[in-house]
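What follows is a single structure, written as structure tokens, with notes after it.
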Amino acid sequence: MAIIQRNQAHWLKGPAVTRQDLRATARGPYRLVLLGAPGVGKGTQAELMNERLGVCHLSTGDVFRAAKDLSAAELTPALQEALDYMRRGELVPDSTVLALVRERMRCLRCPGGFLLDGFPRTVPQAEALTELLRSERLQLDAVLDYEMPIEQIVARLSGRRTCPNCRAVFHVTTRPPKVAEVCDNCGSPLAIREDDRPASIRVRMAAYEKSTAPLSEYYRKLGLLVQVSAEGAPEEIYQRTVQALEERP
Ligand code: AMP
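Counting from 753, one number per residue, gives the positions in the sequence shown under the numbering used here.
Below, the structure written as structure tokens:
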């Protein structure tokens, strides 16, 4: 199993990944994008792939959430504006998101590969990513599109609990912490993400349908789209993911 130094705390200033060991896989290192509506479990799969395959995990949503802990003096105007969009459940403007990804180029260059979670979210972001990778002479291996019926997504989101300290993710029924409402990793009290509240969930679903669903089409045309059912337990979905990746033509 991979031993990866957890880099979440450093996201705000850019990742500091040390890749010490990689699990042998038939293929890889993988350079992947994860797609799927909020709540399909992309974050959990990303965490599993980060631990087991050694890929660097970059979640733009987690970077924005971490920015909430900065003092007003530390926040740049662009980041402050981004947080206002996020609190309303709306998408942050492409230019801000792209600036943030450019600051984290080291993650894209990780020798263990990378996993982009929550980015790209729009076709212009995907086009910009294609250019960014081309300039680094890197290529995506696949775009994993996690699929799940909408009623199940809403149930997942409303039961999700996250650790404000180490960012671990739990769920009241499918992935409960050992002690209710307490993080297994660091013992902090768990919280409901501001954007997992019902009013924000509705806006996020609408934003996903409008801006993100066309991304599947963009990547299908490039021959990169790999559809994966997101139903079942995290381990089942993980095995399905690895199998889908290794069976690609
Ligand atoms: P997530 O955790 O990926 O669902 O992201 C949470 C929130 O962060 C989203 O609802 C957006 O407000 C913002 N966000 C994260 N990534 C992006 C992105 N690539 N483009 C625009 N907004 C984003």
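Note that the Cβ used here is the ideal one computed from N, Cα and C, for glycine as well. It should be emphasised that the depicted structure is a prediction, and the values quoted were computed from it without experimental measurement.
Along the chain, which unbroken stretches of the alpha helix (DSSP H) at least 4 residues long are found entirely within the segment 811-865? 812-819, 829-840, 846-854 and 857-860
Closer than 7 Å: G813 CB and nearest ligand 1 heavy atom: Here residue 813 corresponds to residue number 61 of the sequence shown, with the count starting at 1. Because some heavy atom of ligand 1 lies under 7 Å away, the Cβ of G813 counts as near it: yes.
With burial defined as no fewer than 16 other Cβ atoms inside 10 Å of the residue's Cβ, what is the status of D773: buried or exposed? The residue you call residue 773 lines up with position 21 of the sequence shown. Because D773 sits at a pLDDT of 36, beneath the cut-off of 50, its placement in the model cannot be relied upon, and the following sentence gives the value as read from the coordinates. Exposed.
Along the chain, where does the alpha helix (DSSP H) containing S968 start, and where does it finish? On the sequence shown, position 216 is the one that residue 968 refers to. Residues A965 to K973.
In the DSSP assignment, find the unbroken beta strand (DSSP E) run with V994 in it and report its ends. Here residue 994 refers to the residue found at position 242 of the sequence shown. It is not in any beta strand (DSSP E) - V994 instead sits in the alpha helix (DSSP H) that spans P986 to E998.
In whole angstroms, what is the alpha-carbon distance linking L786 and D897? Indexing the sequence shown from 1 puts residue 786 at position 34. Indexing the sequence shown from 1 puts residue 897 at position 145. Straight-line Cα distance between these residues: approximately 6 Å.
Hey, could you find the ends of the alpha helix (DSSP H) V955 is sitting in? If you number the sequence shown from 1, residue 955 lands on position 203. Unbroken alpha helix (DSSP H) run through V955: P950 to A959.
Let me check one thing: in DSSP terms, what residues is C808 bridge-paired to? For the purposes of this step, residue 808 is identified with residue 56 of the sequence shown, where counting begins at 1. In the DSSP output, where bridge partners are listed per residue, C808 has F866.
V875 and L967: beta carbons closer than 8 Å? Within the sequence shown, numbered from 1, the residue matching residue 875 stands at position 123. Within the sequence shown, numbered from 1, the residue matching residue 967 stands at position 215. Their beta carbons are under 8 Å apart, which means V875 touches L967 by this criterion.
DSSP-derived helix/strand/coil call for E899: The residue labelled residue 899 in the question sits at position 147 within the sequence shown. Three-state DSSP puts E899 in a strand.
Output yes or no for whether 8 Å exceeds the beta carbon distance between D963 and L843. Translated into positions along the sequence shown, residue 963 becomes position 211. Translated into positions along the sequence shown, residue 843 becomes position 91. The displayed chain sequence assigns Ser, not Asp, to residue 963. Closer than 8 Å, so yes.
With respect to 7 Å, is the separation between the Cβ of E842 and the closest non-hydrogen atom of ligand 1 below this value? Stepping through the sequence shown from its first residue, residue 842 is reached at position 90. Within the cutoff, so yes.
Which whole-angstrom value describes the C-beta separation of P941 and G864, a residue pair presumed to lie in contact below a C-beta threshold of 8 Å? Looking up residue 941 in the sequence shown gives position 189. Looking up residue 864 in the sequence shown gives position 112. Contact doesn't hold; Cβ gap of about 33 Å is too wide.
Under a Cβ-count criterion, where at least 16 other Cβ atoms within 10 Å of its own Cβ denotes burial, should C938 be classed as buried or exposed? Here residue 938 is taken as the residue at index 186 of the sequence shown, counted from 1. Classification for C938: exposed.
For T925, count the other beta carbons within 10 Å of its own beta carbon; 16 or more makes it buried, fewer makes it exposed. Which is it? Working through the sequence shown from its first residue, we reach residue 925 at position 173. Note on T925: under 16 other CB atoms within 10 angstroms of its CB, so exposed under the neighbour-count rule.
At a cut-off of 7 Å, is V792 close to ligand 1 when judged by its beta-carbon and the heavy atoms of the ligand? Position 40 of the sequence shown, counting from 1, holds the residue named residue 792. Checking the Cβ of V792 against ligand 1 gives no.
Beta-ladder partner(s) of R927, from DSSP: By 1-based counting over the sequence shown, the position of residue 927 is 175. Secondary-structure assignment with DSSP links R927 through a beta bridge to H923.
Using DSSP with H/G/I as helix, E/B as strand and the rest coil, what is A789? Looking up residue 789 in the sequence shown gives position 37. Of the three classes helix, strand and coil, the one that applies to A789 here is coil, per DSSP.
Would the C-beta of G984 count as close to ligand 1, meaning under 7 Å from any of its heavy atoms? Taking the sequence shown and counting its residues from 1, the one referred to as residue 984 is at position 232. Not under cutoff, so the answer is no.
Suppose you measure from the CA of A754 to the CA of C808; what does that come to, to the nearest Å? Locating residue 754 in the sequence shown gives position 2, where the first residue counts as 1. Locating residue 808 in the sequence shown gives position 56, where the first residue counts as 1. Caution applies to A754, whose pLDDT of 32 falls short of 50 and renders its modelled position unreliable; the value that the coordinates give is listed next. So the alpha carbons of these two residues sit roughly 12 Å apart.
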